[in-house]
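Enquirer: Protein chains in written order, with the working numbering: chain Z, 62 to 302; chain E, 62 to 302. Positions of the beta carbon are idealized from the N, C-alpha and C atoms, including for glycine.
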């Protein structure tokens with residue numbers, strides 16, 4: 062039986078073996094939720110990059126550029142980090158270069174893995190099905206907040222452990238903790254998270270609508286995976302297949 | 062109102078400001094539980110050291126030496142890491158040099174703090190009272206297991222957050238998570254922890270009796286604090302003083 066483990070922060074990633082594993086990179090508020098939404102809205106490719114300048118440079122090759130720093134849209138870019146900014150045909154057929162405070166880092170630091178999947182509550186079951194099909198050991202890499210543990214990414218990890226608990230072993234302490242926290246919180250994630258520091262930081266930025274959206278489960282059948290320095294939607298490939 | 066925060070691993074400690082704070086170093090299974098027990102049994106001073114050789118060298122100055130590696134007593138030392146090894150007058154009036162896999166590291170890495178207290182369920186209320194009296198911001202530093210998150214140290218952190226929740230602010234995500242996990246587990250910590258990887262590792266070593274003991278709350282009125290490169294029991298000093 063393959064196993065599922067949870068890494069609570071990119072700062073702990075060096076303690077884990079990535080080789081041969083499937084990594085699920087998660088930054089619920091809001092990078093990976095937004096990437097999933099972008100693909101659902103027809104984006105062609107997403108280039109997650111670390112620096113603002115690198116992101117800006119992608120505009121020359123026809124990319125839309127998206128940048129967030131400390132929870133707000135960075136100046137001089139086409140898009141921010143709110144999923145609603147990617148709707149209404151804005152990203153249909155387009156390539157997007159994106160840089161965010163924490164989410165991009167979780168993806169790029171996991172490049173040694175066999176497969177990197179971008180996870181969010183929005184595509185939870187699609188991710189779970191893909192992992193079951195792959196049958197590799199899974200490591201959920203939580204983006205956290207500036208290296209620190211955060212609740213919303215942990216709750217996603219717990220939701221994934223719950224969905225996979227019949228087919229994956231989850232006996233390590235971090236996946237048990239994530240599962241228990243999710244089971245405590247799942248009846249009302251929005252209320253539960255309202256106590257969290259990051260959510261309060263974002264509420265302050267008046268994005269309550271974003272938060273409610275990013276906590277919805279199984280909205281999209283979208284599967285962003287890492288291929289040759291970019292993210293593509295494997296579901297679209299299957300459909301076109 | 063001062064705050065209480067929780068650092069889940071020494072590997073995350075660089076993300077926290079220690080200056081001016083009270084650190085509670087915790088390694089429930091078993092380093093800090095054993096240190097608390099040693100003081101309750103009359104030990105004079107404890108020298109937590111990082112390396113086996115450094116520990117051995119303390120024998121020359123009349124110290125008892127105690128060493129654990131990977132859950133078992135290291136060869137050629139007077140004591141291991143089981144609290145029961147420190148009972149029956151064995152440590153009365155003695156100085157002890159001790160090195161353990163994770164616990165020693167949590168203490169030594171926190172030296173920039175204003176105060177370092179050694180915490181365990183065994184002296185939970187004594188620690189809580191001391192922190193209330195100090196009134197400093199608190200950081201609980203979990204020793205973890207080889208840098209990774211573990212449940213038993215997190216549950217201690219949650220218990221401390223619960224005891225302090227009327228007088229300390231605990232709005233960060235790690236202290237909320239610790240509190241929720243403790244509230245889920247506290248009715249039967251032994252059964253809850255039986256699923257944990259570290260506890261299963263230790264059960265394998267047939268130390269179930271140690272585990273049950275280390276999870277008992279408020280057994281000792283003992284307060285080990287860091288002073289000039291050693292731990293002393295502040296309660297003994299108060300009584301004598």
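#1: So, is the C-beta of residue 108 (chain Z) closer than 8 Å to a C-beta in chain E?
#2: What does DSSP give as the partner residue(s) for residue 109 (chain Z) in the beta ladder?
#3: Applying the criterion that 16 or more other CB atoms from any shown protein chain within 10 Å of the CB defines a buried residue, is residue 81 (chain Z) buried or exposed?
#4: Output, in chain order, the set of chain E residues within a Cβ distance shorter than 8 Å of residue 76 (chain Z).
#5: What are the boundary residues of the alpha helix (DSSP H) that includes residue 187 (chain Z)?
#6: Does the structure place the segment 270–279 of chain Z close enough to the segment 91–107 of chain Z that three or more beta carbon pairs sit under 8 Å?
#7: What's the call for residue 231 (chain Z), buried or exposed, on a 16-neighbour Cβ count within 10 Å?
#8: Spell out a yes or no on whether the segment 67–86 of chain Z and the segment 194–205 of chain Z are touching, meaning 3 or more CB-CB pairs, one atom from each, closer than 8 Å.
#9: If we ignore side chains and look at the alpha-carbon of each, how far apart do residue 250 (chain Z) and residue 261 (chain Z) end up?
#10: Could you tell me whether any Cβ in chain Z is nearer than 8 Å to the Cβ of residue 292 (chain E)?
#11: Chain E beta carbons: is any one of them nearer than 8 Å to that of residue 93 (chain Z)?
#12: Which residues of chain E have a Cβ atom closer than 7 Å to the Cβ of residue 69 (chain Z), listed in chain order?
#13: Any chance the CB of residue 131 (chain Z) is under 7 Å from a heavy atom of the ligand SAM?
#14: To the nearest angstrom, how far is it from the Cα of residue 41 (chain Z) to the Cα of residue 268 (chain E)?
#15: With 8 Å as the threshold, decide whether the Cβ of residue 234 (chain Z) is near any Cβ in chain E.
#16: Could you check where the beta strand (DSSP E) with residue 286 (chain E) kicks off and where it finishes?
#17: Give the range of the beta strand (DSSP E) segment to which residue 271 (chain E) is assigned.
#18: Suppose contacts are defined by Cβ-Cβ distances below 8 Å. Is residue 63 (chain Z) in contact with residue 167 (chain Z) by that definition?
#19: Where do the ends of the beta strand (DSSP E) carrying residue 126 (chain E) lie?
#20: Residues of the segment 238–263 of chain Z in Cβ contact with chain E at a cutoff of 7 Å, in chain order, please.
#21: What are the residues of the segment 213–226 of chain Z that lie near chain E, defined by any Cβ-Cβ distance shorter than 8 Å?
#22: Decide if residue 148 (chain E) is buried, meaning its Cβ has at least 16 other Cβ atoms within 10 Å, or exposed.
#23: Between residue 93 (chain E) and residue 128 (chain E), how many whole angstroms is the CB-CB distance? I'm expecting something under 8 Å.
#24: Could you tell me which of Z:122, Z:112, Z:195, Z:297 sits nearest to residue 228 (chain Z), measuring between CA atoms?
#25: Leaving out five residues before and five after residue 134 (chain Z) in sequence, what residues of the same chain have Cβ atoms less than 6 Å from its Cβ?
#26: With DSSP as the reference, identify every bridge partner of residue 200 (chain E), one or two as the case may be.
#27: So what's residue 176 (chain E) in DSSP terms, helix, strand or just coil?
#28: Between which two residues does the beta strand (DSSP E) containing residue 152 (chain E) stretch?
#29: For residue 296 (chain Z), count neighbouring Cβ atoms within 10 angstroms of its own Cβ and tell me buried if that reaches 16, exposed if not.
#30: Just to confirm before moving on: does the CB-CB distance between residue 124 (chain E) and residue 138 (chain E) stay below 8 Å?
#31: Spell out a yes or no on whether the segment 205–212 of chain E and the segment 179–188 of chain E are touching, meaning 3 or more CB-CB pairs, one atom from each, closer than 8 Å.
#32: In angstroms, rounded to a whole number, what distance separates the CA positions of residue 150 (chain E) and residue 177 (chain E)?
#33: With DSSP run on the structure shown, which of helix, strand or coil describes residue 90 (chain E)?
#34: Does residue 165 (chain Z) pass the burial test, meaning 16 or more other C-beta atoms within 10 Å, or should it be called exposed?
#35: Who are the near neighbours of residue 248 (chain E) in its chain, counting only those whose CB is closer than 7 Å to its CB and skipping five residues on each side?
#36: Helix, strand or coil: which one does DSSP assign to residue 256 (chain E)?
Expert: Once the coordinates are examined:
#1: By 1-based counting over the first chain, the position of residue 108 (chain Z) is 47. No, residue 108 (chain Z) lies away from the interface with chain E (no Cβ there is under 8 Å from its Cβ).
#2: Here residue 109 (chain Z) is taken as the residue at index 48 of the first chain, counted from 1. Under DSSP, residue 109 (chain Z) takes part in a beta bridge, and its partners are Z:159.
#3: On the first chain, position 20 is the one that residue 81 (chain Z) refers to. Exposed, because fewer than 16 other Cβ atoms sit within 10 Å of the Cβ of residue 81 (chain Z).
#4: Position 15 of the first chain holds residue 76 (chain Z). What residue 76 (chain Z) touches in chain E: 72, 207, 208, 209.
#5: The residue given as residue 187 (chain Z) occupies position 126 in the first chain. From DSSP, the alpha helix (DSSP H) with residue 187 (chain Z) extends over 185–195.
#6: In short, these stretches touch, since the Cβ pair count reaches three.
#7: The residue labelled residue 231 (chain Z) in the question sits at position 170 within the first chain. Classification for residue 231 (chain Z): buried.
#8: The segment 67–86 of chain Z, when compared against the segment 194–205 of chain Z, does touch it at the 8 Å Cβ threshold.
#9: Residue 250 (chain Z) sits at position 189 when you count from the first residue of the first chain. Residue 261 (chain Z) sits at position 200 when you count from the first residue of the first chain. Rounded to the nearest angstrom, the two C-alpha atoms are 14 Å apart.
#10: Residue numbering aside, residue 292 (chain E) sits at position 231 when the second chain is read from its first letter. Closer than 8 Å: no.
#11: As a first step, residue 93 (chain Z) must be located in the first chain, where it is residue number 32. Against chain E, the CB of residue 93 (chain Z) has no partner CB under 8 Å away; the residue lies outside that interface.
#12: Working through the first chain from its first residue, we reach residue 69 (chain Z) at position 8. By Cβ distance, chain E contributes 69, 210.
#13: Within the structure as shown, the ligand SAM is missing, as the structure has no ligands at all.
#14: Limits of chain Z in this structure are 62 at one end and 302 at the other, which puts residue 41 (chain Z) out of reach.
#15: Locating residue 234 (chain Z) in the first chain gives position 173, where the first residue counts as 1. Taking Cβ atoms only, chain E reaches closer than 8 Å to residue 234 (chain Z), which makes this a yes.
#16: Along the second chain, one-based indexing puts residue 286 (chain E) at 225. Bounds of the beta strand (DSSP E) holding residue 286 (chain E) are 285–288.
#17: Within the second chain, residue 271 (chain E) is the residue found at index 210, counting from 1. Careful: residue 271 (chain E) lies outside any beta strand (DSSP E), inside the alpha helix (DSSP H) at 269–275.
#18: Mapped onto the first chain, residue 63 (chain Z) falls at position 2. Mapped onto the first chain, residue 167 (chain Z) falls at position 106. Going by beta carbons, residue 63 (chain Z) and residue 167 (chain Z) fall outside the 8 Å limit.
#19: Sequence index remark: in the second chain, residue 126 (chain E) carries index 65 (1-based). Where residue 126 (chain E) is concerned, the enclosing beta strand (DSSP E) stretches over 125–130.
#20: Flagged, chain order: 238, 241, 242, 245, 256, 257, 258, 259.
#21: Correct list: 215.
#22: Taking the second chain and counting its residues from 1, one reaches residue 148 (chain E) at position 87. Around the CB of residue 148 (chain E), fewer than 16 other CB atoms lie within 10 Å, so the residue is classed as exposed.
#23: Translated into positions along the second chain, residue 93 (chain E) becomes position 32. Translated into positions along the second chain, residue 128 (chain E) becomes position 67. About 16 Å separates the beta carbons of residue 93 (chain E) and residue 128 (chain E), which is beyond the 8 Å limit, so they are not a contact pair.
#24: Taking the first chain and counting its residues from 1, the one referred to as residue 228 (chain Z) is at position 167. Taking only the C-alpha atoms, the option nearest residue 228 (chain Z) is Z:195.
#25: The count along the first chain starts at 1 and reaches residue 134 (chain Z) at position 73. Answer for residue 134 (chain Z): 141, listed in chain order.
#26: Here residue 200 (chain E) corresponds to residue number 139 of the second chain, with the count starting at 1. Residue 200 (chain E) is bridged to E:66, E:84.
#27: Within the second chain, residue 176 (chain E) is the residue found at index 115, counting from 1. Strand.
#28: The sequence position of residue 152 (chain E) within the second chain is 91, counting from 1. It is not in any beta strand (DSSP E) - residue 152 (chain E) carries neither H nor E in the DSSP assignment.
#29: In the first chain, counting from the first residue as 1, residue 296 (chain Z) sits at position 235. Looking at its Cβ environment, which holds 16 or more other Cβ atoms inside 10 Å, residue 296 (chain Z) is buried.
#30: By one-based count along the second chain, residue 124 (chain E) stands at place 63. By one-based count along the second chain, residue 138 (chain E) stands at place 77. The answer is no: Cβ separation not under 8 Å.
#31: Flag = no, the segment 205–212 of chain E and the segment 179–188 of chain E do not touch.
#32: Taking the first residue of the second chain as 1, we reach residue 150 (chain E) at position 89. Taking the first residue of the second chain as 1, we reach residue 177 (chain E) at position 116. Each residue's Cα considered, the two are about 27 Å apart.
#33: In the second chain, the residue the question calls residue 90 (chain E) occupies position 29. Three-state DSSP puts residue 90 (chain E) in coil, outside helix and strand.
#34: Walking along the first chain from the start, residue 165 (chain Z) turns up at place 104. When all chains shown are included, residue 165 (chain Z) counts as buried.
#35: The residue you call residue 248 (chain E) lines up with position 187 of the second chain. Result list for residue 248 (chain E): empty, nothing under 7 Å.
#36: The residue labelled residue 256 (chain E) in the question sits at position 195 within the second chain. In the structure shown, residue 256 (chain E) sits in coil (DSSP, three-state: anything other than H, G, I, E or B).
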